[in-house]
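One point on numbering: in the UniProt record's numbering, the residue at position 74 of the sequence shown is 74, and numbering is uninterrupted. In this text, a Cβ means the ideal position worked out from N, Cα and C, and glycines have one as well.
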Amino acid sequence: MMKPGENTLFPLIHDYLKTYLPKQRNVSHNTIRSYRKALEELLDYTKEHEQIPLGQIAFEHLTADAIFFFLEYLQTEKGCSTSTCNARFAAIRAFMDYAADHDVTLVAELNKLKKVPFRKPDDTTATVEYMSMAAITAIIEQPDATTSKGLRDRFFMILLYDTGARVQEMLNIRLSDIQLGPLPKVTLFGKGRKTRVVPLMEKTAQHLKKYLLKFHADTALE
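The structure is reproduced here in structure tokens:
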């Protein structure tokens, strides 16, 4: 239990990153890393711009106005994109929400923080152009499928294209996550350990069978 007048900021940051997120919320390591980065950047900014020693930074320095100016700093001086600024803001808001649950004196400032809007994308943001099928085919055919490494790399590229999986989702795939047969599909494990089952196109299933025959010939899948 915190003592009256005690600086609760760093103990709460420790509990949030080390206990609450990984053990109670079951949040992925990547998400925890991004939340930690957001808090570290906020503390570094406060230390440099407010001339406060790191160990003396407290919640009283992390007001809604201070966090707003931090986001301005990220975008105007650091050149961070709108999406990066919003990701940092979301992480900071989530922590402040957690902190307010443990310290009622923070609720008023949290309510002010919640009135700070997320940043809207710049109207001049260019539209992402999609690739033609010819361009996609040219990329996929770069690995030499007559070699073991090339066959593997080409299959991985095809699987990524067909499923829309993140690289980490693909790396998490186990043989038990794959089902062949009339309706081939694969189970993907994503951020926050969320799962989704994705059907595979017949051509992808054919490349999968070639890959399995080469690298997992002793394993039978149905």
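As a beta-bridge residue in DSSP terms, Q179 pairs with K185. Taken in chain order, the complete alpha helix (DSSP H) segments of 4 residues or longer contained in the UniProt domain "Core-binding (CB)" (7-100) are 9-15, 29-50 and 64-76. Per DSSP, T137 is one residue of the alpha helix (DSSP H) stretching across M133 to I140.
In the structure shown, V198 falls within a strand segment according to DSSP collapsed to helix, strand and coil.
In the structure shown, D162 falls within a helical segment according to DSSP collapsed to helix, strand and coil. The beta carbon of K114 lies closer than 8 Å to those of R93 in the same chain, with the five residues before and after it left out. In terms of Cα proximity to K209, the closest of L12, T195, E60 and F156 is F156. Where A108 is concerned, the enclosing alpha helix (DSSP H) starts and stops at V107 to L113. Scanning its chain for C-beta atoms nearer than 6 Å, with the 5 sequence neighbours on each side dropped, one finds around A38 the residues R88, A91 and I92, in chain order. DSSP places Y130 outside both helix and strand once states are collapsed to three, so it counts as coil. When secondary structure is reduced to three states using DSSP, D153 falls in the helix class.
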